[in-house]
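First the structure, in the form of structure tokens, and then the observations on it.
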Amino acid sequence: MAAQTKVVATGAVATLKSDSSKTDSLLRTALRRIRRDKLTLMAIGLLLTLSTLSLLAPVITDVLNVSYTQPDSLRLFLPIGNASHPLGTDPLGRDLLARLLYGGRVSLGIGFAGAISATLIGVTIGLIAGYYQGGRYRFIDDAVMWFVTTLNSLPTLMLLILIASVLTPTIPTLIFVLTMVSWTGTMRLIRGETLSKRENEYVISARAMGAGSMRIMFVHILPNTLSVLMTALAIGVGTLILTESALSFLGLGVRPPEPSWGNMLTGAQAHFRQAAHLSILPGLLIALTVLSLFLIGDGLRDAFDPTSRK
Amino acid sequence: MTQYILRRIFQTIPTLFGITIIAYFVMSLAPGGPVAALTFDPSISVRQREAMATALGVNDPIHVQYIRWLIGDAPIKVAGVELWRGRELPTFDRRGNETGTHIGTRKGILRGDFGNSIISQRPVTDAVGVRLPATFELGSLALIVGLMLGIPIGVIAAVKQGGIFDQVTRVLAVLVSAIPVFWLGLILLLVFGSWLGWLPMGNRFPLNFSGDYTLGDRIKHLILPVFTLSSFGIATFSRFTRASVLDVLNQDYVRTARAKGLSNNQVWFKHALRNALIPVATLLGPAIPGVIAGAVLTETIYSWPGMGRLVVDSVTQQDYPVIMAIVLLTAIVTIVGLILSDVLYAVFDPRIRLS
Chain A
4 MAAQTKVVAT
14 GAVATLKSDS
24 SKTDSLLRTA
34 LRRIRRDKLT
44 LMAIGLLLTL
54 STLSLLAPVI
64 TDVLNVSYTQ
74 PDSLRLFLPI
84 GNASHPLGTD
94 PLGRDLLARL
104 LYGGRVSLGI
114 GFAGAISATL
124 IGVTIGLIAG
134 YYQGGRYRFI
144 DDAVMWFVTT
154 LNSLPTLMLL
164 ILIASVLTPT
174 IPTLIFVLTM
184 VSWTGTMRLI
194 RGETLSKREN
204 EYVISARAMG
214 AGSMRIMFVH
224 ILPNTLSVLM
234 TALAIGVGTL
244 ILTESALSFL
254 GLGVRPPEPS
264 WGNMLTGAQA
274 HFRQAAHLSI
284 LPGLLIALTV
294 LSLFLIGDGL
304 RDAFDPTSRK
Chain B
13 MTQYILRRIF
23 QTIPTLFGIT
33 IIAYFVMSLA
43 PGGPVAALTF
53 DPSISVRQRE
63 AMATALGVND
73 PIHVQYIRWL
83 IGDAPIKVAG
93 VELWRGRELP
103 TFDRRGNETG
113 THIGTRKGIL
123 RGDFGNSIIS
133 QRPVTDAVGV
143 RLPATFELGS
153 LALIVGLMLG
163 IPIGVIAAVK
173 QGGIFDQVTR
183 VLAVLVSAIP
193 VFWLGLILLL
203 VFGSWLGWLP
213 MGNRFPLNFS
223 GDYTLGDRIK
233 HLILPVFTLS
243 SFGIATFSRF
253 TRASVLDVLN
263 QDYVRTARAK
273 GLSNNQVWFK
283 HALRNALIPV
293 ATLLGPAIPG
303 VIAGAVLTET
313 IYSWPGMGRL
323 VVDSVTQQDY
333 PVIMAIVLLT
343 AIVTIVGLIL
353 SDVLYAVFDP
363 RIRLS
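Protein chains in written order, with our numbering: chain A, 4 to 313; chain B, 13 to 367.
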């Protein structure tokens, strides 16, 4: 009986050893899972294609010899497939392909810049609020939560309309404003994560070893929220692109003649008969970009989830 | 229960004040200000301009101006008893010389006075009041359609989990969340209005000289805006209902019901659905701000004469009192929606209201 137990025990140790030598980091496991997830890979490919095309907009327009700002009164409403304008022209005779590419730079640029800065702010405030919740410095969490509840009791679009009414949006101010209204989601998420993570043993042991609050927050808790964070970032970029396009569509965001996918649709219904593709293409690009970002977000969530069996 | 509702209402007071503070301070950043707007006339002298600024109180510290905006400067009377005699303001003649004093007449937003629209010079409450019914009609119909379509879709998808219907609705829900509302509206307008010609190209009523319309006309004008506005609701409600029903189907009491030998229909509709719908009630509150935000876009596409278009027009015209009124109204509606969903939840689930 004793011998048998011993054998089982050594067996267990052996499996443990072989396991630990083969166990990958969470990141590597996630990467392996994503490599097998065809839908997420397709979404990543689509997003990369659209981003590259937008980034190469100056090169492409040079090669095709088209301009995104130059009106041409002799070539209004050209249809798709024109020899010198592959996607036709808009009501002012500007090349649609060039405008879509430059619009992509603006829309994707604002989406990424806004979401990244919103995430940075949201993570910092979320960590601090969550860490101090209920303790001696609970007023920090109370104040932050009051502010966030207040901000969230206005629909984001209304808040943006309110702000847009007092300042003339340029692209940098637009990024700033979108950041200011969208950090609350990440903040709530990270606050919740911090609330649960701060009770973990590794936090207690770090504290016992004399780590300060800042170190515990940013070195011990933050890396453990990485999976949630990456998912939130992907979905956040998508949501921001949607918000920016809505604001620009209303004429309160990116100002013409600077194109964004949203403002290219402003008043598009006036040209249904002459050129329906003017209404279709910019929206299709928004939808495809946002869809791939949402799918990447879902894919990341599954890939980082240790309980997922995919 | 009453106590619970009162407590929730009481909790929203700081939030509402927060909204007024944020809104007021954002507005105070506006370029120009009321004096510039009122003294556009170049023949006005510097002295008259200063006199006007004193009369309007724009040189006072911002917190004083904020409080004045809240409570106004007119006397406060309750049941004939004067509690506050109001603010004394200097009276000026045309040249800007002080001639005497008078008592203020503005009542402040807490007494329902949002001032006059800068553009139309009519009271803001009138300007917004005219637009309210159109938005209410559109928004409430969109909410109803969202619930009426979303919940059954979610139930069917859950009951036939993994089936074709489930897969298709799942893909559609992701698609709808990624498609911009205003683009969906544009495309529907392009297909059903321009190409097929089945439905009107916008507006609330047919445009004709007689101004006559039938119920059929009204419904035709409603179909596209309501569908556009409810699309997001249908997607959200159906996914949420599906998750909730699946959750309930794994509960012990459902297994017990099955073990008793009840038919599938009885288990689904009598035991599972009733409990599955409790969490759906909590979605109703957050759905209201979504509908308001969506209404801004939907009304712009379909030339719907509602509040959403009014606020967009007011921003272009820098008509700040109107913007303030609509922002505050939206906040109140949102907060009422949140209380409503909390109360509904407490009605259905006694564990909540007792804690």
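Where is the CB? At the ideal position from N, CA and C, for every residue including glycine. On a predicted model such as this, the values are computed, not experimentally measured, just so you know.
Shortest alpha-carbon distance to residue i belongs to which of the options?
{"i": "LEU198 of chain B", "options": "B:GLY318, B:ILE31, B:LEU322, B:TYR314", "result": "B:TYR314"}
{"i": "ASP259 of chain B", "options": "B:ALA65, B:SER132, B:HIS283", "result": "B:HIS283"}
{"i": "GLY124 of chain B", "options": "B:TRP81, B:PHE104, B:THR113", "result": "B:TRP81"}
{"i": "ASN262 of chain B", "options": "B:ALA288, B:GLY84, B:THR113", "result": "B:ALA288"}
{"i": "HIS280 of chain A", "options": "A:LEU268, A:LEU53, A:ILE224", "result": "A:LEU268"}
{"i": "VAL238 of chain B", "options": "B:ILE156, B:ASN276, B:HIS75", "result": "B:ILE156"}
{"i": "ILE191 of chain B", "options": "A:ILE113, A:ALA211, A:LEU287, A:TRP149", "result": "A:LEU287"}
{"i": "SER206 of chain B", "options": "A:ARG276, A:TRP149, A:THR176", "result": "A:ARG276"}
{"i": "MET161 of chain A", "options": "A:LEU181, A:GLY106, A:PRO175", "result": "A:LEU181"}
{"i": "ARG149 of chain B", "options": "B:MET160, B:ARG363, B:PRO135, B:ILE235", "result": "According to the sequence as given, residue 149 of chain B is Glu; it is not Arg. That would be B:ILE235, whose Cα lies nearest to the Cα of GLU149 of chain B."}
Whole angstroms are fine: how far does the CA of residue j sit from the CA of residue i?
{"i": "ARG31 of chain A", "j": "TYR140 of chain A", "result": "38 Å"}
{"i": "GLY48 of chain A", "j": "MET233 of chain A", "result": "18 Å"}
{"i": "LYS9 of chain A", "j": "GLY137 of chain A", "result": "Bear in mind that a pLDDT of 46 at LYS9 of chain A, under 50, signals an unreliable position, so the number given afterwards is only what the model happens to contain. C-alpha separation (whole angstroms): 48 Å."}
{"i": "THR32 of chain B", "j": "LEU154 of chain A", "result": "11 Å"}
{"i": "LEU34 of chain A", "j": "LEU42 of chain A", "result": "14 Å"}
{"i": "ALA299 of chain B", "j": "ALA235 of chain A", "result": "21 Å"}
{"i": "PHE281 of chain B", "j": "VAL188 of chain B", "result": "28 Å"}
{"i": "GLY84 of chain A", "j": "THR64 of chain A", "result": "16 Å"}
{"i": "LEU253 of chain A", "j": "ILE166 of chain A", "result": "14 Å"}
{"i": "ILE128 of chain A", "j": "ALA146 of chain A", "result": "11 Å"}
{"i": "LYS20 of chain A", "j": "PHE307 of chain A", "result": "Model confidence at LYS20 of chain A stands at a pLDDT of 46, short of 50, so the residue's coordinates are unreliable; what they give is reported in the following sentence. Taking the straight line joining both Cα atoms gives about 24 Å."}
{"i": "LEU95 of chain A", "j": "ALA101 of chain A", "result": "13 Å"}
{"i": "VAL279 of chain B", "j": "ILE168 of chain B", "result": "14 Å"}
{"i": "LEU208 of chain B", "j": "GLU311 of chain B", "result": "22 Å"}
{"i": "ILE74 of chain B", "j": "THR242 of chain A", "result": "35 Å"}
{"i": "ALA86 of chain A", "j": "LEU77 of chain A", "result": "15 Å"}
{"i": "MET220 of chain A", "j": "GLY116 of chain B", "result": "54 Å"}
{"i": "ILE3 of chain B", "j": "TRP149 of chain A", "result": "Because chain B in this structure spans residues 13 to 367, residue 3 of chain B falls outside the shown range and cannot be described."}
{"i": "VAL350 of chain B", "j": "ALA247 of chain B", "result": "The residue you asked about is not Val; residue 350 of chain B is Leu in the sequence shown. Cα to Cα, the separation comes out at about 20 Å."}
{"i": "ILE231 of chain B", "j": "PHE142 of chain A", "result": "53 Å"}
{"i": "THR14 of chain B", "j": "THR342 of chain B", "result": "25 Å"}
{"i": "ASP229 of chain B", "j": "ILE344 of chain B", "result": "33 Å"}
{"i": "VAL348 of chain B", "j": "GLY151 of chain B", "result": "15 Å"}
{"i": "MET64 of chain B", "j": "TYR78 of chain B", "result": "18 Å"}
{"i": "GLY114 of chain A", "j": "SER263 of chain A", "result": "11 Å"}
{"i": "ALA17 of chain A", "j": "SER28 of chain A", "result": "The predicted model places ALA17 of chain A with a pLDDT of 45, which falls under 50 and marks its position as unreliable; any figure quoted below should be read in that light. The alpha-carbon atoms of ALA17 of chain A and SER28 of chain A are separated by roughly 20 Å."}
{"i": "PHE360 of chain B", "j": "ILE290 of chain B", "result": "6 Å"}
{"i": "PRO226 of chain A", "j": "GLU202 of chain A", "result": "15 Å"}
Between residue i and residue j, how many whole angstroms is the CB-CB distance? I'm expecting something under 8 Å.
{"i": "PHE376 of chain B", "j": "VAL303 of chain B", "result": "With chain B running from 13 to 367 in the structure shown, residue 376 of chain B is simply not present."}
{"i": "SER242 of chain B", "j": "GLY158 of chain B", "result": "4 Å"}
{"i": "THR189 of chain A", "j": "ALA121 of chain A", "result": "6 Å"}
{"i": "VAL151 of chain A", "j": "LEU41 of chain B", "result": "No, VAL151 of chain A and LEU41 of chain B are not in contact; Cβ-Cβ is about 21 Å, not under 8 Å."}
{"i": "GLY297 of chain B", "j": "LEU352 of chain B", "result": "6 Å"}
{"i": "LEU200 of chain B", "j": "THR240 of chain B", "result": "6 Å"}
{"i": "SER282 of chain A", "j": "LEU202 of chain B", "result": "6 Å"}
{"i": "TYR71 of chain A", "j": "ARG97 of chain A", "result": "6 Å"}
{"i": "ARG254 of chain B", "j": "PRO317 of chain B", "result": "The Cβ separation is near 37 Å, so there is no contact."}
So, at 6 Å on beta carbons, what are the nonlocal neighbours of residue i in its own chain, with the 5 sequence-adjacent residues on each side left out?
{"i": "VAL126 of chain A", "result": "ILE193"}
{"i": "LEU327 of chain A", "result": "Outside the shown range of chain A (4 to 313) lies residue 327 of chain A, about which nothing can therefore be said."}
{"i": "ALA46 of chain A", "result": "SER295, LEU298, ILE299"}
{"i": "GLU165 of chain B", "result": "One detail in the question is off: residue 165 of chain B reads as Ile in this sequence, not Glu. Correct list, in chain order: THR181, SER250."}
{"i": "LEU309 of chain B", "result": "VAL193, PHE194"}
{"i": "ASP40 of chain A", "result": "GLY302"}
{"i": "ALA170 of chain B", "result": "ARG254, VAL257, LEU258"}
Considering only residues of the same chain and omitting the five flanking positions on each side of residue i, which have a CB-CB separation below 7 Å?
{"i": "MET39 of chain B", "result": "TYR332, MET336"}
{"i": "GLU261 of chain A", "result": "VAL109"}
{"i": "ILE164 of chain A", "result": "LEU255"}
{"i": "ARG304 of chain A", "result": "THR234"}
{"i": "THR346 of chain B", "result": "ILE300, PRO301"}
Excluding the five sequence neighbours on either side, which residues of its own chain have a C-beta within less than 8 Å of the C-beta of residue i, listed in chain order?
{"i": "ILE338 of chain B", "result": "VAL140, MET319, LEU322, VAL323, SER326"}
{"i": "GLN329 of chain B", "result": "ILE130, ILE131"}
{"i": "VAL206 of chain A", "result": "LYS200, ILE219, HIS223, ILE224"}
**Message:** Tell me which residues of the region 136 to 149 of chain A have at least one Cβ-Cβ distance to chain B shorter than 8 Å, keeping chain order.
**Reply:** TRP149
**Prompt:** Using a beta-carbon distance cut-off of less than 8 Å, what residues from the region 308 to 331 of chain B approach chain A?
**Reply:** VAL308, LEU309, THR312, ILE313, VAL323, VAL324, SER326, VAL327, THR328, GLN330
**Asked** Quick one, which residues of the region 217 to 247 of chain A are near chain B if we go by CB-CB under 8 Å, in chain order?
**Response** GLY241, LEU245
**Request:** Check each residue of the region 152 to 163 of chain A: if its Cβ is closer than 9 Å to any Cβ of chain B, include it; give the result in chain order.
**Result:** THR152, THR153, LEU154, ASN155, SER156, LEU157, PRO158, THR159, LEU160, MET161, LEU162
**Asked** Mind listing which residues of the region 247 to 261 of chain A have their C-beta closer than 8 Å to chain B's C-betas, in chain order?
**Response** SER248, ALA249, PHE252, LEU253, GLY254, LEU255
**Item:** Residues from the region 271 to 286 of chain A in contact with chain B, defined by Cβ distance under 9 Å
**Value:** ALA271, GLN272, PHE275, ARG276, ALA279, SER282, ILE283, PRO285, GLY286
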